[in-house]
Amino acid sequence: MNELFNKPYEAKEFEEAIYKQWEESGYFNPDNLPERKDDKGPFTIIMPPPNANGHLHAGHALFITLEDIITRYKRMRGYKALWIPGADHAGFETQVVYEKKLEKEGRSRFKMDPQELFDEIMAFTLENKQYMEQEVKRMGASCDWSRERFTLDADIMKKVQGTFAKMYEDGLVYRGLRTVNWCTKHQTSLSDVETESVEKMDKLYYIKYGPFVVATVRPETIFGDVAVAVNPNDDRYKQYIGSVIEVENPNGKLILKVIGDDSVDIEFGTGALKVTPAHDNNDFALAQKHGLEHIITIDQFGKLNEKAGKYAGMKIAEAREKVVADLEVMGLIEKIEDYKHQVPTCYKCSTTIEPRLLPQWFVKMSSQGGSASGGQSLAEMAAKAVDDGRIEFIPDNYRKIFLYWMNNTIDWNISRQIVWGIPIPAKLCNECDFAAPDLEDEISACPKCGGEVRKDADTFDTWFSSGQWPLLTLDFPDGKDFKTYYPTDVMETGHDLIFKWIPRMVIFGLYLANEVPFKTVYMHGLVNDAKGKKMSKSKGNVINPIDLIDKFGTDALRMGLIIGNTPGNDTALDENKIKGYRNFANKIWQATRFVLMNSEGVDFTKTPTLTDRDKEVLEELRVVKEQTTKELDNFLIHLAAENLYHYFWHTFADKIIEENKGRLKGEDEVDKYAAQYVLNEILRTSIKMLHPLMPFITEEIYGNLPGNDGKILMVEEW
RNA sequence: GGACUCAUAGCUCAGCUGGUUAGAGCGUUCGAUUCACAUUCGAGAGGUCACAGGUUCGAAUCCUGUUGGGUCCACCA
């Protein structure tokens, strides 16, 4: 027996070497897997590329564990298992992280040259990418590093830009002028999924407005008002519709149209609505419908401009206070009420979103206008793929959530006013509204008016590139991998990406490749602290997975993350729990030691003479194997892990080993061999079944089992 | 306002398509331990499965409602 077993299992002493052994074997790459009679063909998972802007957190640890379990299981079952790792430049996310760093250093991106800023963030990202990769390896990930991709690889950027141009030609991308979600801190627009509604207490001001009283929370926007809207069915006001009124404000007088629109709620406020097209999404829509002009009165920094007269230069909050005070003096405030409502905020900095009128590139999602194929919009195409079962969700309820979102989604703003991203390859005219893709930099003058053109300085929303990730990593459209491994089998990701990422991938997959990008979506929940509270830096309850690995080993951490964690639900990460699975690892170690001690020099090729009890025990093993197989096939990973844990410890170690001790010491050689045979058989099978869950210790043990010299468990048959 | 989800032992949670005395880990109580393992072993205490109805021979499990958490979505200014 190897003297390794003379002391407790110390994960630290083995894991690095084992990972190296796996890497050197080449088996992470399915093209190198040994031939098998029961070859089941390709099985593919694309790793959600971690943001290359920091270290791994507990959520990463969970998804790596889940995906690795699935990959290892499939590989052992005879699939050509491919798991492609990657790294995401994570546009806005990373820029936000980097801006915080700049802030600490007393610097600001707004005082930097864009190229200089880009280069700095690139250096920062490449450094963090390395940490991230090392940490993914420490988790035991059996992914194919030879296929690793980064979202800013040159060829990937080119393909992403090509998609943009193609969509433009198909009428699925357009340049539109409308109010967009503007973060005044980060100085960029955001898509609707990048804002977060927050409940806020505000005042609702009732302002005398000509013959009306209008209710508003934003009196500082009155200088951008162009109309008053009322419901055509409102008997109080309908006689005014179509007329022009004059209203007073602290800067003088405003001439406003009175329009009638069904969208105005008769019950709310006074039933009369002031219309500010440039600074409110609804008002913008009204203005489009009724042909009203836009008056911009607030600038990109959230300050009032010259159109606001004496309030010019003031910030929104300050201007609001002053305007109200002045209106009060003029006797134009009828009343002020407390008002609780939801306001959209930047999901990164919680700054209130300022609707801002800005031309941007949009992806046409729903059906008016352009269509993707067969007259279907992108959203309809994606909804159909889920509706008819080409894509399944685990757990199933995400299906409904997905469909609801798809049926209600709005056009997707893909322009970002940040440097960290893939440049939008487009030319914009300085004189007119001409805007078009220009991949080869061929447009030097405006084809519409002959005016000067400039390069679009914006970059793509990061989800525009990561939405194409399954295609990009598999070398769509001509690569060998694309033909072999697309569509992929499973997309495993956090439930927070149900809108940001999953729909985009479905859309691009269907639009570009005419086929769903994956068949199953497995969604995991959040990893919370031991008390079930969300981890956050400010609360100081963040658990670093690498610390836990250092303390208890990767295998223990993996078990702790999996057991008791059902798909879609949040899980609590408790150090004591991990400690328990560290003890389990040692239990496996000790049981192995015992079996090996009693197997010295035994030839296991002989047929044993089994007792009835032996047969019963082996039958029990067969049932466990059958059950585990079924559970893993159905992604019931938590059940498989818990059942194997229980079987190994409380059935195999506590009962079977104990009841065989006498036979091993006995004089009856035939009976002794039967016992040795049974114990070896159970140990060997258990180690195999445990491998996807606890890859390191099982690999180490497997090589030490009789007759296994030089074998690699990772590619053994299930 | 809408959708989704959860409510099971002191704590964290399993319990798949309904089927004999409801499970795990941790914690707790009592005991053991030179014999693979104190990162151990044995024994025990502890739950009217949120509440109220219903379906069924039978429900923690399915249906309806109520209460209380959580998450997400939504332009009522």
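Per full-length UniProt numbering, the first sequence runs over residues 1 to 718. By construction, the Cβ of each residue, glycine as well, lies at the ideal position given by its N, Cα and C atoms. Only a predicted model underlies this, so the values are computations on that prediction, with no experimental measurement involved.
Among the options, nearest to residue i - alpha-carbon criterion
i           : options               : result
residue 648 : 677, 639 and 588      : 588
residue 197 : 270, 466, 354 and 638 : 354
residue 492 : 167, 12, 5 and 61     : 61
residue 133 : 164, 85 and 581       : 85
residue 73  : 670, 625 and 585      : 625
residue 260 : 274, 251, 269 and 252 : 274
residue 217 : 540, 140 and 342      : 342
residue 45  : 561, 410, 267 and 485 : 485
residue 387 : 516, 11 and 123       : 516
residue 184 : 478, 143 and 299      : 299
residue 642 : 614, 659 and 577      : 577
residue 602 : 670, 14, 121 and 572  : 670
residue 529 : 508, 514, 518 and 560 : 560
residue 23  : 335, 350, 144 and 687 : 144
residue 575 : 565, 595 and 547      : 547
residue 441 : 672, 447, 118 and 427 : 427
residue 608 : 675, 693 and 32       : 675
Distance between residue j and residue i (C-alpha atoms, nearest Å)
i           : j           : result
residue 29  : residue 552 : 29 Å
residue 379 : residue 495 : 20 Å
residue 471 : residue 157 : 13 Å
residue 679 : residue 136 : 35 Å
residue 347 : residue 128 : 23 Å
residue 438 : residue 105 : 38 Å
residue 303 : residue 169 : 38 Å
residue 21  : residue 452 : 60 Å
residue 415 : residue 461 : 6 Å
residue 249 : residue 290 : 24 Å
residue 293 : residue 222 : 14 Å
residue 35  : residue 42  : 13 Å
residue 454 : residue 520 : 44 Å
residue 276 : residue 405 : 28 Å
residue 95  : residue 420 : 6 Å
residue 114 : residue 166 : 28 Å
residue 240 : residue 308 : 27 Å
residue 146 : residue 93  : 27 Å
residue 233 : residue 345 : 34 Å
residue 488 : residue 567 : 20 Å
residue 318 : residue 481 : 58 Å
residue 371 : residue 513 : Any reading at residue 371 must be qualified, since the residue scores a pLDDT of 47, below 50, and its modelled position is unreliable; the value itself is stated next. So the alpha carbons of these two residues sit roughly 16 Å apart.
residue 215 : residue 431 : 39 Å
residue 369 : residue 256 : Model confidence at residue 369 stands at a pLDDT of 44, short of 50, so the residue's coordinates are unreliable and nothing is read from them.
residue 207 : residue 285 : 23 Å
Distance between beta carbons of residue j and residue i, contact taken as under 8 Å
i           : j           : result
residue 532 : residue 569 : Actually they do not touch by this definition, with Cβ atoms about 11 Å apart.
residue 393 : residue 503 : So it is not a contact: roughly 12 Å between Cβ atoms.
residue 58  : residue 543 : 6 Å
residue 177 : residue 278 : Not confirmed; about 10 Å, so no contact.
residue 231 : residue 262 : 7 Å
residue 228 : residue 212 : 6 Å
residue 417 : residue 188 : 4 Å
residue 412 : residue 466 : With a Cβ gap of about 13 Å, residue 412 and residue 466 do not count as contacting.
residue 582 : residue 5   : Not a contact, Cβ separation roughly 17 Å.
First and last residue of the uninterrupted beta strand (DSSP E) at residue i
i           : result
residue 47  : No beta strand (DSSP E) holds residue 47; DSSP gives it neither H nor E.
residue 260 : 252-260
residue 272 : 272-275
residue 324 : No beta strand (DSSP E) contains residue 324, which is instead part of the alpha helix (DSSP H) from 316-329.
residue 394 : 392-394
residue 336 : 333-346
Extent of the continuous alpha helix (DSSP H) to which residue i belongs
i           : result
residue 135 : 114-138
residue 19  : 15-25
residue 288 : 281-290
residue 380 : 378-387
residue 403 : 398-408
residue 505 : 502-508
Near the ligand MG: residue i beta-carbon under 7 Å from a heavy atom
i          : result
residue 62 : The ligand MG is not part of the structure shown, which contains no ligands of any sort.
query = Can you give, in chain order, each stretch of the alpha helix (DSSP H) that sits fully within the stretch 413-476 and has at least 4 residues?
reply = 462-466 and 469-473
Q) Which parts of the stretch 590-668 are runs of the alpha helix (DSSP H), unbroken and 4 residues or longer, counting only runs that do not cross its ends? A) 612-633, 637-646 and 658-665
Open item on the list: At 4 residues or longer, what runs of the alpha helix (DSSP H) sit wholly inside the stretch 46-99?
Closed with: 58-77
* Write down every uninterrupted run of the beta strand (DSSP E) in the stretch 515-603 whose length is 3 residues or greater and which is fully enclosed by it, in chain order. => 518-524
- Item | Every unbroken beta strand (DSSP E) inside the stretch 193-265 [3 residues or more] | 195-209, 212-216, 227-230, 244-249 and 252-260
- Query: Unbroken beta strand (DSSP E) runs of length 3 or more, entirely within the stretch 149-191: which are they?
  - Reply: 173-183 and 188-190
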